[in-house]
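Enquirer:
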Amino acid sequence: MVISSTENLEATVDQTSNDDKMSELKAFDDTKAGVKGLMDSIKHKEIVDKVRNASEIWGFFQVVNHGIPISVLDEMLRGARQFFEQDIEIKKQYYTRDITKRVVHASNFDLYSPSVPAANWRDYIFFKMAPNPPNPEEFPRPCREMLMDYSKHMMELGYSLLGLLSEGLGLDRCHLKDMDCAEGLGVLALYYPACPQPELTIGTNKQSDNDFLTVLLQDHIGGLQVLHQNQWVDVPPTHGALVVNIGDLLQLISNDKYISVEHRVLANKVRPRVSVPCFFGTDSMSSSKLYGPISEVLSEDNPPKYCATTVQDYRPTTKFHLLKNFHYDTHDLFKQEVRTMNTSSLQGIVRPPIS
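FYI, the numbering for the sequence shown is 1 to 355, going by the UniProt record's numbering.
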């Protein structure tokens, strides 16, 4: 039997406490980030949590103070509007149904589809901007300068968002980027003319995006709606804000951790609406690379729900329509405004859609 005095026990505890304190102080000092760095790391974790929650519950959120000057956003909308409202003879030189081209202007993606009850009330022009953008001379003159600048900003924002989404899955910040989830960038400008009978058509049929991530710039007109708990919820425009939504392929590789939800755009009879969604995906539809649930997010309790597939073999029929009824207090969520985004390139507010 060993008998120790109380004094010896207290001395041992004090020494252990001092050792722990010194270890913590050294760990803090070794970061060379100071108190501000410590606070930034705490705020960064809050950002990751908020983005993860929004992506799990809504699949949609708005960001402001994202690092892209509002003047750049306004110029992009102005350039898109100028293209669509210029003389038809000028626009005709870009009009084509050949989707292999790097610049494609047309009306309706699914104009000839027998499954679509009515044509969408919109025109579009699409630009394939990454990884190898077209020569600027190929762009319509109204969009030429701002399109290159806007795409550069959008790629930086896309990397930041994918970094936060990676961390939300418990992965390294570069994981989704290294999977080439933002290797390709498509910029789509959409023009919805004022419609004399909006009840007879729709701006965009309900759909989900079959990419990894979409970032949308919209003007002040409104009309975007998100399907949440079997109800359509308005996403009101906020000047300077960008709307972010999870794509089908990100839902697949996250094994349903993040959700890709259906959305639509209503036609209106007041005035034209302009929006510019940017789609992040792989470089080529013909890529043989396989995408399946990420192994690091799987476990005995969370087995894979999808088989690995190529982007080309992916079809909307593999879409996940069974996960639409989430148990959540939407009244509280509608009132929520989450202050987040305080990273080197993405800071501001993340908001769920508000009706």
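Yeah, the Cβ is synthetic: ideal placement off N, Cα and C, and Gly gets one too. Nothing here was measured: the structure is a model prediction, and the numbers come from that model.
Under the assumption that T214 contacts P277 (Cβ atoms under 8 Å), give the Cβ distance between them as a whole number of angstroms.
Expert: About 5 Å; that satisfies the 8 Å criterion.
Enquirer: Look up I246 in the DSSP assignment and give the residues it is bridged to.
Expert: Note: I246 sits in a beta bridge opposite L213.
Enquirer: Only counting the same chain, and skipping five residues up and downstream in sequence, which positions put a Cβ closer than 7 Å to that of R173?
Expert: Here the set comprises G163, S166, E167.
Enquirer: Look at the alpha carbon of V338 and the alpha carbon of D301, and state the distance between them as a whole number of angstroms.
Expert: Residue placement at V338 is flagged as unreliable, the pLDDT there being 29, under the threshold of 50; the coordinate-derived value follows with that caveat. Computed Cα separation, rounded: 30 Å.
Enquirer: Using alpha carbons as the reference points, say which of P131, R141, Q225, D180 lies closest to V243.
Expert: Comparing Cα-Cα distances from V243 to each of P131, R141, Q225, D180, the minimum goes to Q225.
Enquirer: At what residue ranges does the segment 173–214 contain a whole run of the alpha helix (DSSP H), taking only runs of 4 or more?
Expert: The qualifying runs are 175–178.
Enquirer: If we count the other Cβ atoms within 10 Å of its Cβ and call it buried at 16 or more, is T100 buried or exposed?
Expert: T100 comes out exposed.
Enquirer: If we count the other Cβ atoms within 10 Å of its Cβ and call it buried at 16 or more, is L169 buried or exposed?
Expert: Result: buried.
Enquirer: Expressed to the nearest angstrom, what Euclidean distance is found between the alpha-carbon atoms of P304 and D248?
Expert: P304 and D248: Cα-Cα distance of roughly 15 Å.
Enquirer: Return the chain-ordered list of same chain residues with a C-beta closer than 7 Å to the C-beta of R144, the five sequence neighbours on each side being excluded.
Expert: P136, listed in sequence order.
Enquirer: Looking at C-alpha atoms only, which residue of H220, F139, T310, Q229 is the closest neighbour of G281?
Expert: Measuring from the Cα of G281, the nearest candidate turns out to be T310.
Enquirer: Within its chain, find whatever has a CB closer than 8 Å to the CB of Q197; leave out the 5 residues flanking it on each side and keep chain order.
Expert: K269.
Enquirer: Look at the alpha carbon of I259 and the alpha carbon of D211, and state the distance between them as a whole number of angstroms.
Expert: When rounded, the distance between both Cα atoms is 12 Å.
Enquirer: Would you report the Cα separation of K50 and N245, rounded to the nearest angstrom?
Expert: The alpha-carbon atoms of K50 and N245 are separated by roughly 14 Å.
Enquirer: Taking only heavy atoms of the ligand HEM into account, decide whether any of them is closer than 8 Å to the Cβ of N53.
Expert: As for the ligand HEM, it is missing from this structure, which has no ligand bound.
Enquirer: Considering only C-alpha positions, which residue in the set A308, G67, E262 is nearest to S288?
Expert: Of the candidates A308, G67, E262, the one whose C-alpha sits nearest the C-alpha of S288 is A308.
Enquirer: Distance, Cα to Cα, C195 vs G203?
Expert: Approximately 9 Å, taken between the alpha carbons.
Enquirer: Enumerated in chain order, which unbroken segments of the beta strand (DSSP E) with a length of 3 residues or greater are wholly contained in the segment 60–122?
Expert: Complete beta strand (DSSP E) runs here, min 3: 60–64, 103–106.
Enquirer: Which residues mark the beginning and the end of the alpha helix (DSSP H) in which D149 is found?
Expert: Residues 144–168.
Enquirer: If you draw a straight line from the C-alpha of E199 to the C-alpha of A189, how long is it?
Expert: Roughly 24 Å separates the two Cα atoms.
Enquirer: Excluding five sequence neighbours on each side, which residues of the same chain lie with their C-beta closer than 8 Å to the C-beta of I70?
Expert: Hits under 8 Å: H239, G240.
Enquirer: Short check: CB of R273 to CB of Y150, under 9 Å?
Expert: Contact flag unset, no.
Enquirer: Can you tell me which of the three DSSP states L227 falls into?
Expert: It is a strand residue.
Enquirer: Grouping DSSP H, G and I as helix and E and B as strand, with all else coil, what is H331?
Expert: With a pLDDT of only 29 at H331, under the threshold of 50, the placement of this residue in the model should not be trusted; the figure read from the coordinates follows. It is helical.
Enquirer: With distances taken between CB atoms, is the gap from T96 to A106 smaller than 9 Å?
Expert: Cβ distance < 9 Å, so T96 and A106 count as in contact.
Enquirer: Pull up the distance between the alpha-carbon of K91 and that of H44, whole angstroms please.
Expert: So the alpha carbons of these two residues sit roughly 46 Å apart.
Enquirer: Let me confirm a value: R271 is counted as buried when at least 16 other C-beta atoms fall within 10 Å, else exposed. Which label applies?
Expert: It counts as exposed.
Enquirer: If P236 sits next to D219, beta carbons under 8 Å apart, how far is it from one beta carbon to the other, in whole angstroms?
Expert: About 12 Å separates the two Cβ atoms, so there is no contact after all.
Enquirer: Thinking C-beta only, is P134 closer than 9 Å to Q86?
Expert: No, Cβ-Cβ distance for Q86 and P134 is not below 9 Å.
Enquirer: On a CA-only basis, which of I68, F61, L171, L290 is nearest V233? Give me that one, please.
Expert: The shortest C-alpha separation from V233 is found at F61.
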